[in-house]
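To start, the structure itself, in structure tokens.
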Amino acid sequence: MPRILLLLTGFCAALGCCLNATPTAAPITTPTGNRPPLPTLHLRSVTQFATTSPTGYSVRQIRHAYGFDQLSLTGKGQTIALVVAYGSSTLASDLAVFSNTYGLPIASLQIYYPQGKPAGSDSGWALETTLDAEWAHAIAPGANLAVVVASSSSLNSLLGAIDYAVRLGAKQISMSWGTAEFSGLGSLESHFNQPGVTFVAASGDAGSGAMWPAVSAYVVGVGGTTLQLDSAGNVLSELAWSGSGGGVSKYLARPAYQNGWNPYSGRGVPDVSYSADPNYGFPVYMSNYGGSTGWLNVGGTSCGTPQWAALFALANSGRATSLTSANSVLYSITSSAYTGDYRDILTGSNGGYDASILYDFVTGLGSPVAPKIVPLLVAATTTTAKPRPMNAR
0 MPRILLLLTG FCAALGCCLN ATPTAAPITT PTGNRPPLPT LHLRSVTQFA
50 TTSPTGYSVR QIRHAYGFDQ LSLTGKGQTI ALVVAYGSST LASDLAVFSN
100 TYGLPIASLQ IYYPQGKPAG SDSGWALETT LDAEWAHAIA PGANLAVVVA
150 SSSSLNSLLG AIDYAVRLGA KQISMSWGTA EFSGLGSLES HFNQPGVTFV
200 AASGDAGSGA MWPAVSAYVV GVGGTTLQLD SAGNVLSELA WSGSGGGVSK
250 YLARPAYQNG WNPYSGRGVP DVSYSADPNY GFPVYMSNYG GSTGWLNVGG
300 TSCGTPQWAA LFALANSGRA TSLTSANSVL YSITSSAYTG DYRDILTGSN
350 GGYDASILYD FVTGLGSPVA PKIVPLLVAA TTTTAKPRPM NAR
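Numbering that gives the first Met the number 0 puts the sequence shown at residues 0 to 392.
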């Protein structure tokens with residue numbers, strides 16, 4: 000199940016309840032009969048829906064916390080593809096409100112329906128779509144946004160949308176959704192083995208466990224942290240978020256770039272991390288969510304996924320050619336300058352694994368220090384990670 004946790008600034012009056020809500024969809028056929036990937040919503044009620052002002056961290060706070068405000072790169076010339084199901088009929092106008100609120104330029108937005116417009120709608124996927132577009136734009140305001148809408152949340156529909164995003168020429172593709180890994184995943188790896196294209200996926204919001212597509216060796220898996228900031232965006236503390244998905248694959252082998260980092264024979268996830276705790280969430284504007292209009296406070300690994308994709312767009316906008324193997328580069332540059340590139344998360348747990356020095360199965364390599372890691376990605380030529388002593392636990 001996917002990756003969007005929502006602290007709702009009250010619209011329980013519209014729904015008539017407060018609950019952990021998972022949008023439903025028709026079952027699909029996979030090698031194990033798993034249900035389709037879906038965005039997972041956790042709603043907490045408050046007394047009144049915030050219709051006039053956002054809550055959660057502002058764009059300015061987040062950009063400062065990760066150092067994006069120190070970069071001159073904007074992602075100009077790059078396209079970030081956001082692969083979703085069902086989409087949102089109000090996305091363009093909602094994104095315009097978000098951009099105006101935070102002083103961002105008008106977004107270059109294109110919406111594609113490669114399988115035709117969906118017959119129905121889904122509020123969870125609509126929120127996911129809006130979150131992805133608004134926060135990818137916040138981090139890479141000069142990049143083009145290509146929202147590729149699958150006609151349903153079935154595996155085949157989403158894979159078709161991924162393939163279409165590749166054909167569009169997008170060099171970074173965000174997938175803020177997932178499902179528990181299943182046997183036969185190896186047969187799907189060709190969808191992500193696309194040189195010059197960086198795929199990014201959420202690691203999950205339900206604690207330890209490997210989720211697909213984040214578990215693919217060709218995908219950058221994004222875990223979650225609890226990030227506390229002051230009003231200016233200075234980091235007060237950052238620890239592993241208890242909901243961060245992570246673990247070791249039962250079906251996919253450890254890729255070479257994790258040699259020396261991951262002591263197990265299976266692919267380890269996540270690779271990196273980002274703020275995800277819904278208690279310190281991201282504001283998202285929607286003009287129609289459950290019949291209400293206003294600002295939502297959203298958490299989950301869905302939040303960091305489009306923002307990491309935007310980070311890669313910043314880096315690629317400074318390169319002559321796009322990154323060939325993002326994970327190999329991430330682990331390689333980490334080998335030589337670890338403490339400068341990432342904030343290493345040392346405390347916290349996802350229930351199955353603890354955060355620890357260097358790589359771990361809760362937060363991966365850590366959270367980005369954009370002024371350090373983006374220039375290294377711009378300059379990177381290596382695609383082979385250098386081993387480190389085994390340290391994951």
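We put the beta carbon where it would ideally sit given N, CA and C, even for glycine.
Sequence-distant residues of the same chain with beta carbon closer than 7 Å to residue i, five excluded per side
i    : result
D300 : At residue 300 the sequence reads Thr, which differs from the Asp that was named. Answer for T300: R2, A201, S202, G203, D204, V221, G222, G223, S243, G244 and A275, listed in chain order.
S248 : E180, A209, V214, G265 and R266
D270 : V219, G220, N326, L329, G363 and L364
N287 : T89
T129 : S87, L90, D93, V283 and M285
Y217 : E188, F191, N192 and F198
L310 : I138, P367, A369 and V373
G339 : V368 and K371
L157 : P36, V82, A84 and A149
Inter-residue Cα distance where the pair is residue i and residue j
i    : j    : result
S291 : Y284 : 11 Å
G159 : T346 : 39 Å
Y352 : V361 : 6 Å
S151 : V297 : 23 Å
R62  : I356 : 25 Å
I332 : N155 : 35 Å
Y273 : P113 : 31 Å
I161 : A149 : 9 Å
L375 : S153 : 37 Å
N349 : W240 : 7 Å
L108 : A255 : 37 Å
A95  : A137 : 12 Å
V368 : A118 : 42 Å
V395 : W211 : Outside the shown range of the chain (0 to 392) lies residue 395, about which nothing can therefore be said.
S57  : K116 : 33 Å
I372 : P277 : 26 Å
V196 : I110 : 19 Å
A135 : I105 : 13 Å
S175 : Y358 : 22 Å
T304 : S182 : 24 Å
W294 : Y250 : 40 Å
T51  : L228 : 23 Å
A164 : A354 : 34 Å
G206 : G76  : 37 Å
G177 : Q171 : 17 Å
P131 : C302 : This sequence places Asp at residue 131; Pro is not what is there. Answer to the nearest angstrom: the Cα atoms are 7 Å apart.
E133 : G246 : 29 Å
Other residues of its chain near residue i: CB distance less than 6 Å, five sequence neighbours each side excluded
i    : result
G169 : One point to set straight first is that residue 169 is Ala, not Gly, in the sequence displayed. Counting only Cβ-Cβ distances below 6 Å, and skipping sequence neighbours, we find T78, A80 and A145.
S120 : Y85
W307 : V199 and V221
A314 : V373, L376 and V377
G280 : L6, G55, N296, V297 and G298
G74  : A139, G141, A142, A312, L313 and S316
L72  : L313, S316 and G317
The beta strand (DSSP E) enclosing residue i, as first and last residue numbers
i    : result
S348 : Per DSSP, S348 belongs to no beta strand (DSSP E) and is neither H nor E.
Q227 : V218 to L228
G267 : G265 to V268
V146 : N143 to A149
G298 : S291 to G298
I110 : S107 to Y111
L130 : From DSSP, L130 is part of no beta strand (DSSP E) but of the alpha helix (DSSP H) over S122 to I138.
V234 : V234 to A239
Other residues of its chain near residue i: CB distance less than 8 Å, five sequence neighbours each side excluded
i    : result
R253 : N261, Y263, S264, G265, R266 and G267
T380 : none
S366 : Y65, T224, L226, E237, V271, S272, Y273, S274, Y341, R342 and I344
R59  : D68, Y101 and G232
L167 : T78, A80, Y111, A145 and V147
Host alpha helix (DSSP H) of residue i (start-end)
i    : result
P277 : Unbroken run through P277: none, as it is neither H nor E.
K249 : Here K249 belongs to no alpha helix (DSSP H); instead the beta strand (DSSP E) covers G246 to A252.
I79  : Segment T78 to A84 is the beta strand (DSSP E) holding I79; no alpha helix (DSSP H) there.
L90  : L90 to T100
P428 : One cannot answer for residue 428 here, as it falls past the ends of the chain, which runs 0 to 392.
A378 : A369 to A378
I61  : V58 to A64
Neighbour flag for residue i against chain C, beta carbons, 8 Å
i    : result
V221 : The chain inventory of the structure shown lacks chain C, comprising one protein chain alone.
> Is the segment 182-193 close to the segment 317-326, with three or more CB pairs under 8 Å?
Replying inline: no
>> Ignoring anything shorter than 3 residues, give me the beta strand (DSSP E) runs that lie fully in the segment 153-197, in order along the chain.
In response: 171-174
> On the three-pair Cβ rule with 8 Å, is the segment 96-103 touching the segment 113-128?
Replying inline: no
> Do the segment 229-239 and the segment 58-74 meet, that is, are 3 or more Cβ pairs less than 8 Å apart?
Replying inline: yes
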